[in-house]
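Novice: Mind looking over this structure? Questions follow.
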Amino acid sequence: MSLLFPGSASAGPEGAPAICSRKACRAEASWQLLWNNPRIHTPERRKVWLSCSEHRGWLEDYLQTRGLWKETVPFIPEAAPSAPAQDGNS
Numbered sequence: 000m001s002l003l004f005p006g007s008a009s010a011g012p013e014g015a016p017a018i019c020s021r022k023a024c025r026a027e028a029s030w031q032l033l034w035n036n037p038r039i040h041t042p043e044r045r046k047v048w049l050s051c052s053e054h055r056g057w058l059e060d061y062l063q064t065r066g067l068w069k070e071t072v073p074f075i076p077e078a079a080p081s082a083p084a085q086d087g088n089s
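For the record, in the sequence shown the residue sitting at position 74 is 73 according to numbering that gives the first Met the number 0, with numbers rising by one throughout.
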């Protein structure tokens, strides 16, 4: 059972706001949760999940419990990379 949607580190099509990575949440993202899986990623690699203020704690706890969380920083759409979405599956 997937608890997360793939998050995007940039605004959606036509400038639509980036949304929270928590499953079924459609709120605008205000945080970036940076993480990596040390079993499969190099130490410097950072994957990104986006979060609204309401789900920030839940998503951080999810990543911390699994030893994946690295850092949480504010999400600023203008400063976000235009790279494809970083998904929650790898």
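Heads up, the beta-carbon is just placed ideally off N, CA and C, and yes, glycines get one too.
Tell me the DSSP secondary structure of P76 in three-state form.
Specialist: helix
Novice: Just to confirm my understanding: we take F4, look at its own chain, exclude 5 residues before and 5 after, and list those with CB closer than 7 Å. What are they?
Specialist: Annotation note: pLDDT 45 at F4 (below 50); position unreliable, no value reported.
Novice: Considering only the beta carbon of each residue, do G67 and W30 sit closer than 7 Å?
Specialist: Here residue 67 turns out to be Leu, not Gly, going by the sequence shown. No, the Cβ-Cβ distance between L67 and W30 is not below 7 Å.
Novice: Identify whether T71 lies in helix, strand or coil by the three-state DSSP scheme.
Specialist: strand
Novice: Is DSSP giving R65 helix, strand or coil here?
Specialist: R65: coil per DSSP, three-state reduction.
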